[in-house]
Amino acid sequence: EAGVAQSPRYKIIEKRQSVAFWCNPISGHATLYWYQQILGQGPKLLIQFQNNGVVDDSQLPKDRFSAERLKGVDSTLKIQPAKLEDSAVYLCASSLEGSPRGGYTFGSGTRLTVV
Amino acid sequence: AQSVTQLGSHVSVSEGALVLLRCNYSSSVPPYLFWYVQYPNQGLQLLLKYTSAATLVKGINGFEAEFKKSETSFHLTKPSAHMSDAAEYFCAVSGSTGFQKLVFGTGTRLLVSP
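If you read the sequences in order, they're chains G and C.
Oh and the first sequence: position 18 is 31 in our numbering, straight run, nothing missing.
Oh and the second sequence: position 51 is 874 in our numbering, straight run, nothing missing.
So this is what it looks like as structure tokens:
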């Protein structure tokens, strides 16, 4: 089966600019996650979707970050305006069910550098 | 709430030596536990998982881990390291009911020398 697709792979922007990331999960996977991985740290969940509804966005900085999952398939994560501390790898993952029991499938990530 | 602590940000072994990566967890409910591996510029790949069945779990690439409730540990081992094992390893925990999220540790970088 095809994996989780993410684009772009790399992005460099200046602070205060906006940026968007795209994720296409594995076909049929109802649950989609966006994680932020800062260099030297473990991934941190930003937002979790079940189909096109939000299950958990408690750690999403809502003043600058937004995410949507149209029609319960693809998802976009946007940052506006970006700050230096947003430099990180943004990982998208999907799973068949809402529980991690079956394991997540991760995409290769988008590496964002804010200068 | 759940959390994991990975002891040692870097672990160095010689090729052929035992690999031991340590993970301790904290969870207010029965946990699911996972080990993921991340190669440079790639996403995370599931190595193995504990989901309340057998406490000794075998995964891919010869890795295994043992869930020890009394020690709140889930250490990852491999009898003989290979150069290709050099990567970042993450321990993760989640609850076992309802919608749950994976909570990751800070990672351990495994270095394998010839």
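Backbone N, C-alpha and C fix where the C-beta goes; we use that ideal spot for every residue, glycine too.
Spanning the alpha carbons of SER837 of chain C and ILE92 of chain G requires a straight line of approximately 43 Å. ILE51 of chain G carries a coil assignment under DSSP once its states are collapsed to helix, strand and coil. Straight-line measurement puts the Cα of VAL32 of chain G at about 14 Å from the Cα of GLU81 of chain G.
When C:VAL842, C:GLY839 and C:LEU879 are compared, the shortest CA-CA separation from PHE897 of chain C is found for C:LEU879. In this structure, the CA atom of TRP47 of chain G is about 7 Å from the CA atom of GLN61 of chain G. Straight-line spacing of the CA atoms in LYS24 of chain G and SER907 of chain C works out to 29 Å. A contact between stretches requires three or more CB pairs, one per stretch, nearer than 8 Å, and the region 29-45 of chain G meets this requirement with the region 88-103 of chain G.
For ASN64 of chain G, the secondary structure class from DSSP, reduced to helix, strand or coil, is coil. The DSSP assignment places 854-861, 867-873, 879-881 and 887-891 as complete runs of the beta strand (DSSP E) inside the region 854-898 of chain C, in order along the chain (cut-off: 3 residues). Of the residues C:LEU856, C:VAL926, C:VAL834 and C:LEU841, the one whose Cα lies closest to the Cα of GLN54 of chain G is C:VAL926.
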